[in-house]
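Here the sequence shown is numbered in the working numbering, starting from 1 and rising by one per residue. For each residue, glycine too, the CB sits at the ideal point set by N, CA and C. Quantities reported herein were computed from a predicted structural model and do not represent experimental measurements.
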Amino acid sequence: MNTLIFYALFFGIALLIIYLTNINRNKNYILSVDVLAGLKAIHLDYVKCETFSSGRKGNGYYFSRCELFITEDALVIFGLGRIKWLRQLTGPLILTSNSAAYAFKLPGAKLIKPKNINLNSFGGDIYIEFVQPGFIDTNVEFRLEGISDEHKKRLQFLNTIS
Numbered sequence: 001m002n003t004l005i006f007y008a009l010f011f012g013i014a015l016l017i018i019y020l021t022n023i024n025r026n027k028n029y030i031l032s033v034d035v036l037a038g039l040k041a042i043h044l045d046y047v048k049c050e051t052f053s054s055g056r057k058g059n060g061y062y063f064s065r066c067e068l069f070i071t072e073d074a075l076v077i078f079g080l081g082r083i084k085w086l087r088q089l090t091g092p093l094i095l096t097s098n099s100a101a102y103a104f105k106l107p108g109a110k111l112i113k114p115k116n117i118n119l120n121s122f123g124g125d126i127y128i129e130f131v132q133p134g135f136i137d138t139n140v141e142f143r144l145e146g147i148s149d150e151h152k153k154r155l156q157f158l159n160t161i162s
């Protein structure tokens, strides 16, 4: 009986921590969406995304779906967590050469300098690779699936920043 109570408390506390973290991220998400709407960004919802990272783990790069916002000079990625019934958001990841314009507008954003970008990778997917510097570098790879050719044309600016 004590073991059952321990597990119930453990999972209850874990879900509470996830919920409280998501409250703050959701506020940042709403602010970011308002800013991006003012920039006339194209919004792609629930894009399938495969992620892989090596090096230091736990940097918020693990998600199976994401929301993409495409502006004239930036790609903003919001990762959605793997738990289907609990929407877990990551902070925005921004790929742009105009970092000064986006760094202060989007709260909690990480600016990314891509190492490798392929807009027409295997199977027509978009492949993005970057290194997150730190004490132990983290090599991260994204594969975005199901992006139309029209949206890929809007993403041609990414080839100039890698």
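Comparing alpha-carbon positions, the option among Y19, N98 and Y102 lying closest to L31 turns out to be Y102.
For D149, the uninterrupted alpha helix (DSSP H) segment begins and ends at D149 to R154. About 6 Å separates the beta carbon of G81 from that of F63, a gap short enough to meet the 8 Å contact definition. Of the residues D137, N159, I117 and F135, the one whose Cα lies closest to the Cα of L144 is I117. In this structure, the beta-carbon distance from L95 to A74 falls below 9 Å. By the Cβ-count criterion, L106 is buried, with 16 or more other Cβ atoms from all chains shown falling within 10 Å of its own Cβ.
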